[in-house]
């Protein structure tokens with residue numbers, strides 16, 4: 046044994062222990078993993094799943110999904126998506142992903158994303174968070190202290206909202222109901 050080099054001993058230990066990576070380091074990386082700018086919710090959960098398998102090799106699939114769900118909620122970049130996930134507390138990773146996709150698809154578009162759209166679409170998009178439909182009429186309200194204001198006549202709401210809905214790539218489905 047005295048003639049054995051340190052690298053041979055370390056290689057033997059790695060084989061016995063099963064990995065050259067320390068699980069506690071990978072677990073810390075897993076808990077520090079947040080959604081990156083431009084990273085889709087699907088790519089984020091896939092990265093968490095891959096890192097989770099390495100960090101928690103003894104967990105069964107259900108337990109790993111629970112860990113991924115917890116970190117997905119903690120690490121999602123968009124505050125509206127995180128708020129919806131914390132509010133609704135989806136019981137499974139699949140339901141959390143569906144909710145995150147739904148919420149992220151109803152966000153207003155940025156100015157750069159709106160280039161080329163009609164003036165009307167740009168106006169409605171800029172007011173997105175202050176618009177709501179009540180009794181089939183589209184309203185605008187700046188704050189609770191001001192009265193709501195009709196944006197379109199009832200006869201125009203369906204056509205206008207559907208056109209905007211299609212023009213913006215099917216965003217805001219809940220406002221077309």
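In my numbering, the protein residues as written are 46 to 222.
For each residue, glycine too, the CB sits at the ideal point set by N, CA and C.
Can you name, in chain order, every residue of its own chain whose Cβ lies under 6 Å from the Cβ of residue 166, other than the five neighbours on each side?
209 and 212
Using DSSP with H/G/I as helix, E/B as strand and the rest coil, what is residue 121?
DSSP, read as helix, strand or coil, puts residue 121 in coil.
Just reading off the alpha helix (DSSP H) that residue 97 is part of, what are its end residues?
86 to 100
Indicate the three-state DSSP secondary structure (helix, strand or coil) for residue 158 in the structure shown.
Coil.
Does residue 213 come out as helix, strand or coil in the three-state DSSP assignment?
Residue state for residue 213 is assigned as coil, using DSSP reduced to three classes.
Strictly by DSSP, which residues pair up with residue 202?
Residue 202 pairs with nothing; no bridge assigned.
Excluding the 5 residues flanking residue 133 on each side, which residues of the same chain have their C-beta closer than 7 Å to its C-beta?
Counting only Cβ-Cβ distances below 7 Å, and skipping sequence neighbours, we find 144.
Assuming residue 117 contacts residue 141 (C-beta within less than 8 Å), just tell me the rounded distance between them.
At roughly 6 Å, the Cβ-Cβ gap stays under 8 Å, so residue 117 and residue 141 are in contact.
Per the DSSP calculation, residue 75 is bridged to which residue(s)?
DSSP output for residue 75 lists no bridge partner at all.
Given residue 98, which residues of its chain have a CB within under 8 Å of its CB, disregarding the five upstream and five downstream residues?
Here residue 98 has 109 as same chain residues with Cβ atoms under 8 Å from its own Cβ, once five neighbours each way along the sequence are excluded.
Can you give the Cα-Cα distance for residue 135 and residue 146, rounded to whole angstroms?
13 Å
In this structure, does DSSP put residue 164 in helix, strand or coil?
In the structure shown, the three-state DSSP call for residue 164 is helix.
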